[in-house]
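**Student:** Please see the structure below; I have some questions.
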Amino acid sequence: MNKSIYVITGVIALSISGAAMSQDRGQSRGMSAMDTDGNGTVEKSEFSAMFDKRFAETDTNGGGITLEEYLAKQAADRAARDERREAQRDEREERRAEQSEERAARDAERTKKRFDSMDADGNGSISADEYNAVGERMFDRMDRDSDGILNDRRGRGERSRRGRGEPTN
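Mapping of the sequence shown onto our numbering: residues 12 to 180, in sequence order.
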């Protein structure tokens, strides 16, 4: 009986210390939980208190930790960890949804400005003449030497080379 208690205690010690060392974020969370006086370090007494607490949580009947109690505690810890992760995942998804809504609002605002700039007479619709005028302005901007021809040395090709730091001449 004593031998099994030592084995179980050793397994608990290894699982706690191994889990604490395996993840930086987990380690800081675990360290801050053990640092009861808040001084940024964990003294042996604080570490021992954490072990005593963990033992008491696991030993539900007060007769030493049985394999069933140990397995139940591990399952409960895993469930709590999964629940925490699920909550974190939900928070991330909420933030992403909010960011997506904000981005959609910005895009809608930019699109409306673009539409309004194309709607030259301000009547709420873009006529074929207004739409084609935008195309003509775009072409004229891209046709750097005003010869009425776009090629690799002008327009889009020039912009992409410029982005790579290549000469445009």
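Cβ coordinates follow ideal geometry from the N, Cα and C atoms, glycine included. These numbers come from a predicted model, not from an experiment.
Alpha carbon to alpha carbon, how far is Glu141 from Gly133? Give it in angstroms, no decimals.
**Tutor:** Position 122 of the sequence shown, counting from 1, holds the residue named residue 133. Position 130 of the sequence shown, counting from 1, holds the residue named residue 141. Approximately 11 Å, taken between the alpha carbons.
**Student:** Taking DSSP as the reference, what is the three-state secondary structure of Glu1?
**Tutor:** Residue coverage of the chain in this structure runs from 12 to 180, which leaves residue 1 outside it and unanswerable.
**Student:** CB-CB under 8 Å to Gln34, same chain, minus the five flanking residues each way: which ones, in chain order?
**Tutor:** Looking up residue 34 in the sequence shown gives position 23. At Gln34 the pLDDT is 44, less than 50, meaning the model places this residue with poor confidence; the figure from the coordinates comes in the next sentence. So the list is empty, once near-sequence residues are dropped.
**Student:** Return the chain-ordered list of same chain residues with a C-beta closer than 8 Å to the C-beta of Thr52, the five sequence neighbours on each side being excluded.
**Tutor:** Mapped onto the sequence shown, residue 52 falls at position 41. Closer than 8 Å at Cβ, skipping near neighbours: Asp46.
**Student:** Would you call Ile160 buried or exposed, if buried means 16 or more other Cβ atoms sit within 10 Å of its Cβ?
**Tutor:** Reading the sequence shown from its first residue, position 149 is the one you call residue 160. The residue in question, Ile160, is exposed, as its Cβ has fewer than 16 Cβ neighbours within 10 Å.
**Student:** Determine whether the beta carbon atoms of Thr71 and Tyr81 lie at a separation below 8 Å.
**Tutor:** Taking the first residue of the sequence shown as 1, we reach residue 71 at position 60. Taking the first residue of the sequence shown as 1, we reach residue 81 at position 70. Their beta carbons are not under 8 Å apart, which means Thr71 does not touch Tyr81 by this criterion.
**Student:** For my contact list, Ile76 and Phe62 are in at a C-beta cut-off of 8 Å; report their separation, rounded to the angstrom.
**Tutor:** The residue given as residue 76 occupies position 65 in the sequence shown. The residue given as residue 62 occupies position 51 in the sequence shown. Incorrect: roughly 12 Å between the Cβ atoms, too far for contact.
**Student:** Under the rule that 16 or more other beta-carbon atoms within 10 Å means buried, what is Lys64, buried or exposed?
**Tutor:** Working through the sequence shown from its first residue, we reach residue 64 at position 53. Per the 10 Å Cβ criterion, exposed.
**Student:** On the DSSP letters alone, give me the boundaries of the alpha helix (DSSP H) that Arg152 sits inside.
**Tutor:** Here residue 152 corresponds to residue number 141 of the sequence shown, with the count starting at 1. Per DSSP, Arg152 belongs to the alpha helix (DSSP H) from 139-153.
**Student:** By a C-beta neighbour count over all protein chains shown, 10 Å radius and 16 as the cutoff for buried, is Lys55 buried or exposed?
**Tutor:** Locating residue 55 in the sequence shown gives position 44, counting from the first residue. When all chains shown are included, Lys55 counts as exposed.
**Student:** What did DSSP end up calling Glu112 once you bin it into helix, strand or coil?
**Tutor:** Within the sequence shown, the letter at position 101 stands for residue 112. The answer is helix: DSSP assigns Glu112 an H, G or I state.
**Student:** Any heavy atom of the ligand MG closer than 7 Å to the CB of Phe62?
**Tutor:** With respect to small molecules bound, the structure shown includes none, and the ligand MG cannot be examined in it.
**Student:** If we ignore side chains and look at the alpha-carbon of each, how far apart do Lys123 and Asp156 end up?
**Tutor:** Taking the first residue of the sequence shown as 1, we reach residue 123 at position 112. Taking the first residue of the sequence shown as 1, we reach residue 156 at position 145. Looking at the two C-alpha atoms, the distance is approximately 32 Å.
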